[in-house]
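Participant: In the numbering used here, the protein residues as written are 1 to 119. Positions of the beta carbon are idealized from the N, C-alpha and C atoms, including for glycine. Remember, predicted model here, so these are calculated numbers, not experimental data.
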């Protein structure tokens, strides 16, 4: 992770050190949450705390959390895709339609002008 995300790698390294030094695991995870203040990490920290508190299987909890994160990303992507037509309307009107009209109507206008000159 050092190559792709050095900041997160440093935070995880520091959390691993805290897990070894602090008497309570929850404190180390709370410190990670406070240092990063990222919703995704907050979700992982809460999941780890609940897993430890209630004794639920960690793999199952992480699968559910991954599914929630995936659905959140999909909803954000769908929201951006829904906004796209409204955003693209003005550039399309300004940059695409005038050249299209010139290409389609230009030759007809030139032939009409030639016919009017010849009269």
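1) Around the C-beta of residue 28, are 16 or more other C-beta atoms found within 10 angstroms, so that it is buried, or is it exposed?
2) Tell me the DSSP secondary structure of residue 46 in three-state form.
3) Going by C-alpha to C-alpha distance, which of 9, 63 and 32 sits closest to residue 19?
4) Beta carbon of residue 44, beta carbon of residue 65: below 8 Å?
5) Out of 16, 10, 40 and 59, which one is the CA nearest neighbour of residue 71?
6) Check for me: the alpha helix (DSSP H) holding residue 4 runs from which residue to which?
7) So, using beta-carbon positions, are residue 36 and residue 11 closer together than 8 Å?
8) At which residues does the alpha helix (DSSP H) containing residue 68 begin and terminate?
Facilitator: With the structure as the only source:
1) With 16 or more Cβ atoms within 10 Å of its Cβ, residue 28 is classed as buried.
2) Reduced to three states, the DSSP call for residue 46 is helix.
3) For residue 19, the closest C-alpha among the options 9, 63 and 32 is that of 32.
4) The answer is yes: Cβ separation under 8 Å.
5) Nearest C-alpha to residue 71: 40.
6) Neither: residue 4 is in no alpha helix (DSSP H) and is coded neither H nor E.
7) Going by C-beta atoms, residue 36 is nearer than 8 Å to residue 11.
8) The continuous alpha helix (DSSP H) containing residue 68 extends over residues 58 to 91.
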